[in-house]
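In UniProt numbering, the protein residues as written are 1 to 958. Here is the structure we will look at, set down as structure tokens.
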Amino acid sequence: PIDRTSDDLDIIFSKLKDIKAFEKFHPLLIQQLCYYSYFENLEKGVTLFRTGDLGANWFAILSGNVDVCVPSENGKGHTLICSLEAGAAFGESILYDTPRNATIITSSSVMLLRVEQKDFKILWERNKQYLHGVITSLSQLTNTLDPKRRASEFDPSLIPQVATNKLLKDDPTRNPALPIVPNTSVRIQHAAYVLRTCILSKAPQMIRDRKYHLKIHRSCLVASEMVDWLIHQSPIVHSRSQAVDMWQALLEEGAIAHVSQEHYFKDKYLFYRFSGDEDRTLIRPSNVEQNQCEQQLADVILTLAQVGPDAMLRMILRKPRHQRTIDDLEIIYDQLLHVKALSHLSSLVKRELAGVLIFEAHPFKGKVLFTQGDQGKFWYIILKGSVQCIVYGKGIVETFHQGDDFGKLSLVNNSPRIATIVLNEDNTHFLRVDKDDFNRILRDVEANTVKLREFGKDVLLLEKVPINVKTAHGTYQVCYKYFVMSGIVEKMLEYFLETYLCVNYEEGDTSLDDFLSTYVIFMPIYQICTRLLSIYKAKPQQRFGENIGLALQEKVKVIRFILEWYDASRETFFEDPKINIFLDELYDLILVDMKIYPQLKEEITLIKSIIENDTEYKDIHLRKLPWKQRNNIDKPNIIRQSDEVIFKVYCADHTYTTMKMRVDTPAAKIIRVAADKLGLRSDQPDDLKLCEVKSTGERILYKETDLSISYGLSLNGRLFLAPSDHLDALVPLPEQSSFSRGTWQKLEMFGSKELAYAITMHDYQLFMAINQYELLYQVFGRYKFGKITANLDRFMRRFNEIQYWVVTEICLTPTSGKRVQLLRKFIKIASYCKEFRNLNAFFAIMMGLSNIAVSRLSLTWERLPSKIKRMFSEFETLMDPSRNHRIYRSTLTKLTPPIILFMPLLIKDLTFIHEGSKTYLNEGLVNFEKMSNNQKSQGDISGELDGCGTMATPSDRT
């Protein structure tokens, strides 16, 4: 073994891990077997060792069979106990230098791995937990055997489960090469028929008999050629991985299969065939069949593109756990982020679950999953379908649906099931966690958790999390780092100052950014300023070994924190007047400290630049913090609290007054001033109500504490002031009624690309004006913070403007021919908005085209060219809300900035995180993991706009 090079070990490992017999061996165990083991090839009838021998080797069977025998009762010959097959390992008596308990004789040609005693003891010490599950205990087999019993009466439960591989191979929920349904659905069966017919008509050479390893496989295709062919059929298929997903969707329902049912669909030189082709002669389809299938091919590809991502997720979940790659685990983890039942769990627990979850599918309703009184073995999460919960004597007490979980209580308490679970739908899918894994994860989480206590109370909870760190060679290795999970606000601030503002700060670690992007939720500005000043002013205490050098470090950390804070907050940094007071006081302190610490010269220059709002600050700061660089872009028109806005307030008789007030003026003040101007009774000011009246007549009342009222109005909404008992008399203004004429003549003057570009550039300005805190104010409740969300309101209003502009223009176009042209134009505008990565406008246009007032124009839709219809159908798949908008999210990950996000979905994600977990935990600890998840979903909005200034102007009209 000492002569084996790393290349030798890699070759051995690649061979061993692909051997079916070693599927239950842990990869770490296989790696070490590569180093310590020897290969043996023995003929039939060879005795490895006899009963009573002192052993010197441990064995693992690669192929073939061996017989386990003991001496007969009369001392003549041997009695056969059982046979061990490929995958069995035996000979552990060498650990204790005890005699062998049985005689082992090869019953066929056998290939073995042999490990010598001294090496096996090393293996045992390093991998005890992995070896326990694969060793066959000969002592257990022989000690339980009554010599008077015949071999045929031997208890099969004592025979090691070497047939596990076969059982796994035959289990469709554990073997991704097998279908998960007994019968192919009509939709997938039709898709396979269309694809097969098109292949036979366009590329018949793809389906033919092939010879491999002296065996002929009839009517099969090569997987890599199937992927190539599918990519060239439609622009919808934009990558090889997407094509693989689509073929896997056919495989999991049995429409295609690997020729020996050993592989799920892989983009390799592997053979697959359409269902039934093995037993039938290939006949070229008729011209009628070819034409029909070619017309239906686009729709089929669209269907497969929709179901492909789900099929890929199920395939990953059906893989043996040790075969899941890092990318596989990330896909599972991303799915778990949106599972309702897991919303309260930490990121570490979700990552642990990603590695142990098992897919389970049941084709028919009515099946009993488990019965009341059974011992609990699994925890279930519903991936698809629903189940009924039945309690003895009560009947059906609850129905659980997709995203719900059940079965956890009996695992936690180690008690019997308290209810019976019956499947309520066909094709119900579960994510399942075994009891051992469930208990281990709970135990590991506890072991990886560190609590910091001060004065007898928990002040900080840290959790050790694995992260991928890039090495000097460009590769990644797993390292462990402690992340803040919860804590009191002052202690979290101290922890970030201590660990994240030092020289060896790691790029890519976002914990400090998470804190600075969400502090408004749990820590007021005055509290941050007070604590920072306290830390800056602290004096070193000699009796504790503190020195002047430590004091300088603390002062520098405070100043660096302020620089990070300023960079993260951007235009909102100076909104609170307490910031100016804090900076002035800190500046004076630094001036005094300069006499003792001349090293603070650079820091005082930066603080002065912030105070003076120096334009040179950005260049200085970015040189100091290179990972924060952003491209120069046009400054957006940002709405600030101090800005003034002009708006009208109407009475019930439609008289009005025009008002000019600050954006952050509360509704109570608007009511008071408007009442004076309109001459409404002032003897009962509390009786007056400010409300919005929509064009439909709907009324929305405002609370007295509401801010930025004018920017929160809906399309065609107007502000009204009236006594509470007269609200029913408020009716819309005549000007709020529908338009009588469209502007389709003007739209004809501009190309689709030009319009999309103009829309996008305007949307960029609105999107850039939103600061990250507005999203938090919106989700957590703006009334709690007393802050405006006018920039966010304006951008959300923009979405509605585009949506209803599309509906209005199409419905007001007088002739059918012009409507067809306009409908075609809007679909092309949506296409260019998608090309410009303006997803917000893209969705707005698509929702406008999907409005019932437009979709019911069947004659207009029928006259659209088939190419435009296919384009619209492709766009509709992006809008598919199933599986938490997975298709949209998958598309988003493939785009590069600049991107204008679909804002309603972003707010939905933040709301899901907010409502699914508490902001404060026990003893007043802030749930900082919730803040990190918020920031991860929200992202840095300005980061999505990186490079938007470089977008090219459309060169020609379209």
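Heads up, the beta-carbon is just placed ideally off N, CA and C, and yes, glycines get one too. The structure presented is a predicted model; accordingly, all values stated were derived computationally and were not measured.
The beta carbons of MET485 and PHE928 sit about 6 Å from each other, so the pair counts as a contact at 8 Å. Beta-bridge pairing by DSSP links TYR656 to TYR650.
Three or more Cβ pairs drawn from the region 405-414 and the region 375-392 lie within less than 8 Å of each other, which places the two stretches in contact. Counting only runs of 3+ residues, the beta strand (DSSP E) found wholly inside the UniProt domain "Cyclic nucleotide-binding" (21-123) occupies 38-42, 47-49, 57-63, 66-71, 78-84, 103-106 and 110-116, in chain order. Per the coordinates, the alpha-carbon of THR896 lies some 19 Å from the alpha-carbon of ARG240. For MET661, the three-state secondary structure derived from DSSP is strand. The three-state secondary structure of ARG324, taken from DSSP, is coil. Looking at the DSSP output, VAL422 sits in a beta bridge with VAL368 and GLN388. Per the C-alpha coordinates, the member of ILE845, PRO666, ASP584 and LEU688 positioned closest to GLU704 is PRO666. Rounded to whole angstroms, the gap between the alpha carbons of ASN101 and SER93 is 8 Å.
The beta-carbon separation of LEU16 and PHE22, rounded to 6 Å, stays under the 8 Å limit for a contact. Judged by DSSP in its simplified three-state form, THR281 adopts coil rather than helix or strand. In the DSSP assignment, ALA257 falls within the unbroken beta strand (DSSP E) covering 256-258. For the set VAL391, ASP437 and GLU425, the Cα lying nearest the Cα of ARG417 is the one of VAL391.
Between VAL300 and VAL194, the C-beta gap is smaller than 8 Å, which places the two residues in contact. Nearest Cα to LEU583 within the set VAL181, THR808, ILE562 and THR891: ILE562. Ranking ARG208, LYS268 and ILE326 by CA distance to the CA of THR281 puts ARG208 first.
In the displayed model, GLU698 falls within coil according to three-state DSSP, outside both helix and strand. For the 8 Å CB-CB criterion, ILE827 and MET871 form a contact. The beta carbons of GLU85 and ASN65 sit about 6 Å from each other, so the pair counts as a contact at 8 Å.
Setting aside the 5 residues that flank it on each side, TRP744 is surrounded in the same chain by GLU809, THR813, LYS818 and LEU822, each with a C-beta closer than 7 Å to its C-beta; the list follows chain order. Taken through DSSP and simplified to helix, strand or coil, PHE400 comes out as strand. The alpha-carbon of PHE364 is positioned some 9 Å away from that of ASN424. Under a 10 Å Cβ-count criterion, ASP593 is classified as buried, with 16 or more other Cβ atoms of the shown protein chains found around its own Cβ.
Within the DSSP secondary-structure output, ALA722 pairs in a beta bridge with LYS689. The continuous beta strand (DSSP E) containing THR449 extends over residues 449-454. Between PRO309 and SER890, the gap from beta carbon to beta carbon is short of 8 Å.
Beyond the five residues adjoining it in sequence on each side, LEU80 comes within less than 8 Å, by CB distance, of ASP67, VAL68, CYS69 and ALA151 in the same chain, given in chain order. Annotation for TYR777: the continuous alpha helix (DSSP H) segment containing it runs 772-780.
In this structure, the beta-carbon distance from THR51 to THR103 falls below 8 Å. In the structure shown, ASP374 adopts coil according to DSSP, grouped into three states.
For VAL465, the closest of SER347, VAL673, GLU278 and LYS867 by C-alpha to C-alpha distance is SER347. Just measuring C-alpha positions, the residue of PRO99, PHE25, VAL227 and VAL115 sitting nearest PHE59 is VAL115.
Under the three-state reduction of DSSP, SER486 is assigned to strand. Sorting ALA538, PHE455, GLU585 and LEU512 by C-alpha distance to the C-alpha of ALA568 places LEU512 at the top. Its Cα nearest to that of GLN736, the residue SER695 stands out among LEU251, PHE720, LEU730 and SER695.
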